[in-house]
Structures are given as C-alpha cells and as structure tokens.
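Data first, discussion second: the structure below is written as structure tokens.
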Amino acid sequence: MHHYFLKECESTQSSFKKYWSDLDAQQTKLLVSCETQLNGVGRRNNQWLSAKAGLSMSCSVPAQAQITLSPLAIATSVCEYFKNLKIDLHLKWPNDLLNNKGEKVGGILCQTLDQKNILVGLGINLTLSADERLSLKDTPYPVGDLNYEVSDKKLLAESLYTYLLEHHHFSIDQWNSKCIHMNKSVTIIDGQNILKGIFIGIDHDGAALLENDSGQHRVLTGSLRVSGSLG
C-alpha cells in the first residue's frame, strides 16, 4: 500500500490523480488522505464541505464486474467497518451515508481508473463543531456527524482502506438491509424527470426499484428524496 497523508490539500481526489499517474503499473493500492481538505468534491461536482474533524480520503479499489455496483459495494463495506466500531450507519440511494437521526454524515464518489480499478472518494463527518453545525443549518438536507472522535486520522484511513480491500464483494440483500428508506415513499429527480413511488430495493445493476400505480420502475441515476424529509 502507498499512503500519502497530507497536512492540507484542495481535495484528496485531485491529489490522488497526481500520485496515481506517477505509480508503477504494478502498484495499484494507493491511498491519499489528509488532515484538512479545503475544497472537497461531491457527486455531480457539488462542493462537499469537509468538517475539520472529518475523514477525507481517496483510494484505489478493485472494480465490481458490474461497474454501477461499485459505489453501492463500497457504501455497504463502509457501514460494516463502522459497525465493528459500534457505530450505526445507514444508506440512502445512491451514495449517501446517514446516521441514526437520518442526517447525512458522508458520501461516496466513484470514478473509473482503468479496467480493473476504481477511484473511491470518501468524506465522513466524524464530529461537527458548533460553528460548523450553524454554517450547515441552511443546507437542503439535514447534515450531522457520527459523534466519533479520533486522534489519528492517518491510522483511521489506513484501517478503513485495508477493510475495503478485503471486503469488496457485493450483496444486494446486504445493501437493502442497510437502506434507510426501504418500503418508504420517495421521489427521484433526474434533470427534468421526476418519479414518485415506494422504494422496494435495488436491481442487479444498482438501479433503484420503485413501485407506484403505473407499475414497477427502474432508475439508474438521480437524486432521491424521502417523503416528509428534507434530504
């Protein structure tokens, strides 16, 4: 494993790509993490506001045979990792990590590196300060933390990365069991397309499955909102 732990960086994603281009072709296990991330990037190039006491890391992980399953597989493994630390995490399709209060505490961003590997960007709010909570109160979805304090972010990133490398096999049933909005009324928005229905799980390729009066529907991309929730 190559681990670059940076005191400060714009984003671990951009730093990762620089280091990846310098790696020997046979060295595919690369992790970049940092103490402070200044300009985190989320899904669809949205800005991710990194908590001062947050985990920010980017790493290479073997891709799933069905590439669209990779973010879901990573999310499931992250939940399992923190479960071993006695911390409950839940999933919101397609890539959000939520705490027991239903607050967003993190997200996962996946990009293709080559035929065998993907780049995984992971941001998690371990703890939020009072000032950070105040600055996030007007976000379009509730944001929270894990209430988990760590003294060594470098060690945590390495431990989590090792777990992801050893547990990257995917189970639809396992993902469904961690989904916070299973069998709930949801809305999925993808550009001008809006679909409402009951979320009944994911398909073999990671597509969301919704049921409404017109039947069952598959949705591969979009932003999901749970009825009665801000997120």
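Residues 316 to 546 in my numbering are what the sequence shown spells out, letter by letter. We treat Cβ as the ideally placed atom computed from N, Cα and C, and that holds for glycine.
Leu346 and Val393 have their alpha carbons spaced roughly 15 Å apart. The shortest C-alpha to C-alpha distance from Leu404 to any of Val435, Ala523, Ile495 and Ser466 is the one to Ile495.
Under the 10 Å beta carbon count, Glu323 is surrounded by fewer than 16 other beta carbons and is classified as exposed.
With contacts defined as CB atoms closer than 8 Å, Leu370 and Ala390 fail to qualify as a contacting pair.
Under the DSSP assignment, Leu470 falls in the alpha helix (DSSP H) whose first and last residues are Lys468 to Glu481. Ile517 sits close to Leu387, with the two beta carbons spaced by under 8 Å. The closest CA to that of Gly530, considering only Ser542, Ile513 and Gly521, is found on Ile513. For Lys511, the uninterrupted beta strand (DSSP E) segment begins and ends at Asn508 to Ile517. In this structure, Ala522 lies away from Met372, with their beta-carbon atoms at least 8 Å apart. Spanning the alpha carbons of Glu325 and Ser348 requires a straight line of approximately 11 Å.
For Asp337, the closest alpha carbon among the candidates Glu418, His317 and Gly459 is that of His317. Contact between the region 421-436 and the region 498-513 is absent: fewer than three C-beta pairs spanning the two stretches fall below 8 Å.
Bridge partners of Val501 according to DSSP: Gly512 and Val541. Under DSSP, His532 takes part in a beta bridge, and its partners are Leu525. If only complete runs of 3 or more residues are kept, the region 363-430 shows the beta strand (DSSP E) at 368-377, 405-407, 411-413 and 419-427, in order along the chain. Exposed is the label assigned to Arg533, since fewer than 16 other Cβ atoms lie within 10 Å of its Cβ. Beta-bridge annotation (DSSP): His484 is not paired with any residue. Each of Ser375, Ala445 and Gly506 was checked against the Cα of Asp429, and the nearest Cα belongs to Ser375. In this structure, DSSP gives Glu350 an extended state, which the three-state scheme calls strand. With respect to the C-alpha of His519, the residue from Thr477, Thr343, Asp411 and Asp488 having the closest C-alpha is Asp488.
The Cβ atoms of Ser538 and Ile515 do not sit closer than 8 Å to each other.
In summary, Ser542 is exposed, with fewer than 16 beta-carbon neighbours lying within 10 Å of its beta-carbon over all protein chains present.
Take the alpha-carbon of Trp490 and the one of Ser329: they are about 29 Å apart. Beyond the five residues adjoining it in sequence on each side, Lys493 comes within less than 7 Å, by CB distance, of Thr391, Cys394, His405 and Leu406 in the same chain, given in chain order.
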